[in-house]
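Please read the structure below before turning to the comments.
Chains as they are written, first to last, in the numbering used here: chain P, 4 to 532; chain Z, 63 to 146.
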């Protein structure tokens, strides 16, 4: 799937463009040529984000910046920190409030204007939602931001979350959950608001499944790689991550950072942290939305799974694996790096996926002891509500809703194995988490790794302790939640590239549907005889 | 962690924006906005209450809920979010 560097004829007069290796990677700063978002192909096809609005929920936007002013959508912007329609960042001596302006540049910085760099979706419109710059966060401020103008704003990008200190388990409160549910159901005139979340900066000490925003089914959680395909040092890993984009994260070389706009008309080469991941992804999704404005929030996740590429990403800790329907994934990178070219080409011909159903696959309510000696293994055999109206045959998201406590929460480790043999790490060890009181209370551990699989059969949950000292715990409840479609989501899709994951998935679905049809007819024949 | 309570309230009430303004004025609150989801959910703030305090402010909650139009009022808890 690689392209020759010489094919890429994209030349912009913006001074930082040649340093934006995440757009076009020609090997800058010891990077790996070809390892980028492949925006060149999308731009060459004419998709630059026209007509799409992306909201940056952050500490404000310098909407007077010459590289942002042209694409700024004032009507869709608001300041929930100060309660006025002007989300201009508050000045501090250390430019602490540059975060939102930097993220905005990655999405919508204007092209060919000889200023700073170029946004992934340089013709899109960017709205500022200032909501991080007040003494404390509240549920009502988060909810108001996430539900701001859902008929105008298409994509909400968030590069923040609970503290990534490796000992926090937190997520959206009640109002914010209600706002998200309202957004995915009614936003964009019923097609659903698209929420993009940077998965976290906690590094190997943390697990982004403990972040309720990133691990929500309603958000597309994005991780980041550096310019040579390795993981960033601050990357967290978890099974709810869907795909990856890029950020700095390991190298001292200033040009290995992310180039974007900075406060007060300036530019920067050093946008650091995983925060760049979300706006870059939001930009790619904006290109896809321009190619097909009818895409729903679920269509966007399907397109992400089908078009993301392993490319040259490598993770020393977690190996790349294939799930039960042949989709390749990694515990940190998800289904790989976003491919804007592949996404817009597939988006153009995409038919919206069938209706989504929800099934409680089964539940274990009796308390189970967890000890350091051996893993506790629980099994749930499920027919995925077959024969009922809410039968789930092709998986999208799977949640293990778990209540458990232990003498040291950080030493807990949980894995979920699907009937088709796909093993997901629901919870990794978090050495700094010494909680022994709160534990996990009906916490929805989510995995995207079983995407497309047939959920019928036995699911295995393994919970144990990892770490030197003796610990004890109890698992009080495990409920298996299955979310997906009843009919094959890819069988009606038009395949243009027969090497693509879509082609493989469609072929798999055809074969399975044929097998099941034959089985059904045999059974009816036998019944008749 | 020690819980903190802010000077922001979620207020659910019968009626429209005009009624919300009147309820707010009568109780010394500012009606900041109507939430775009749910029914009759409004965001009130009171400048006379500390921005963050370890104890709930029951007096103002009950004062709000005494108003016949108000179904219930919830003082907003404070928590931390970090930029990534």
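For every residue, glycine included, the Cβ atom is placed at its ideal position computed from N, Cα and C.
Starting from the beta carbon of residue 86 (chain P), find every residue of chain Z whose beta carbon is closer than 7 angstroms, and list them in chain order. 94
Going by beta carbon distance, what residues of the same chain come within less than 7 angstroms of residue 150 (chain P), once the five residues before and after it are set aside? 182, 185, 186
Burial state of residue 283 (chain P), where buried means 16 or more other Cβ atoms lie within 10 Å: buried
Hey, could you find the ends of the alpha helix (DSSP H) residue 123 (chain Z) is sitting in? 120-128
May I ask you to list the residues that DSSP assigns as paired with residue 57 (chain P)? P:129, P:158
At least one CB of chain P closer than 7 angstroms to the CB of residue 86 (chain Z): is that the case? no
List, in chain order, every chain P residue whose beta-carbon is nearer than 7 angstroms to that of residue 149 (chain Z). Shown here, chain Z extends from 63 to 146; a query on residue 149 (chain Z) therefore has no answer.
Going by C-alpha to C-alpha distance, which of P:266, P:22, P:495 sits closest to residue 96 (chain P)? P:266
Assuming the contact rule is C-beta atoms closer than 8 angstroms, residue 500 (chain P) and residue 506 (chain P) should be a hit. Round their C-beta distance to whole Å, please. 7 angstroms
Under 7 angstroms, Cβ to Cβ, is there at least one residue of chain P near residue 70 (chain Z)? yes
In chain Z, which residues lie less than 9 angstroms from residue 165 (chain P) when you measure between Cβ atoms? 141, 142, 143, 144
Determine which residues of the segment 131-145 of chain P have a Cβ less than 7 angstroms from any Cβ of chain Z, and write them out in chain order. 135, 138, 139, 140, 141, 142, 143
How do the segment 223-234 of chain P and the segment 21-38 of chain P stand: do at least 3 beta-carbon pairs fall below 8 angstroms, yes or no? yes
Alpha carbon to alpha carbon, how far is residue 24 (chain P) from residue 30 (chain P)? 8 angstroms
Helix, strand or coil at residue 417 (chain P) according to DSSP, with G and I counted as helix: strand
Per-residue contacts from residue 204 (chain P) into chain Z (C-beta, under 7 angstroms): 146
Excluding five sequence neighbours on each side, which residues of the same chain lie with their C-beta closer than 8 angstroms to the C-beta of residue 470 (chain P)? 411, 413, 414, 432, 434
Beta carbon of residue 94 (chain Z), beta carbon of residue 107 (chain Z): below 7 angstroms? yes
Please tell me whether residue 114 (chain Z) has its Cβ less than 7 angstroms away from any Cβ of chain P. yes
Have a look at P:350, P:364, P:468, P:454 and flag the residue whose alpha-carbon is nearest the alpha-carbon of residue 372 (chain P). P:468
Could you check whether the Cβ of residue 137 (chain Z) sits closer than 7 angstroms to any Cβ belonging to chain P? no
Measure the alpha-carbon distance for residue 75 (chain Z) versus residue 484 (chain P) and round it to whole angstroms. 35 angstroms
Does the pairing of the segment 391-401 of chain P with the segment 168-181 of chain P give three or more beta-carbon distances under 8 angstroms? no
Residue 211 (chain P) to residue 221 (chain P), Cα distance in whole Å? 15 angstroms
I want to verify the contact list: residues of chain Z whose CB lies under 7 angstroms from the CB of residue 276 (chain P), in sequence order. 146
Might you give, ordered along the chain, the residues of its own chain that have their beta carbon closer than 7 angstroms to the beta carbon of residue 258 (chain P), omitting 5 neighbours on each side? 22, 31, 32, 272
Contacts of residue 201 (chain P) in chain Z (Cβ-Cβ under 7 angstroms): 146
CB-CB under 7 angstroms to residue 105 (chain P), same chain, minus the five flanking residues each way: which ones, in chain order? 263, 264, 265, 271, 274
Would you give the residue range spanned by the beta strand (DSSP E) that residue 380 (chain P) belongs to? 379-385
Alpha carbon of residue 65 (chain Z) to alpha carbon of residue 136 (chain Z), nearest angstrom: 15 angstroms
Quick check: what's the CA-CA separation for residue 240 (chain P) versus residue 325 (chain P)? 17 angstroms
Taking all protein chains shown into account, decide if residue 520 (chain P) is buried (16 or more other Cβ within 10 angstroms of its Cβ) or exposed. exposed
Option nearest residue 437 (chain P) by Cα separation, candidates P:80, P:168, P:297, P:319: P:168
Neighbouring residues, chain P, relative to residue 105 (chain Z) (Cβ below 7 angstroms): 143, 147
Any contact of the segment 304-311 of chain P with the segment 328-344 of chain P, i.e. 3+ C-beta pairs under 8 angstroms? yes
Determine the direct distance from the alpha carbon of residue 305 (chain P) to that of residue 402 (chain P), and round the result to whole angstroms. 17 angstroms
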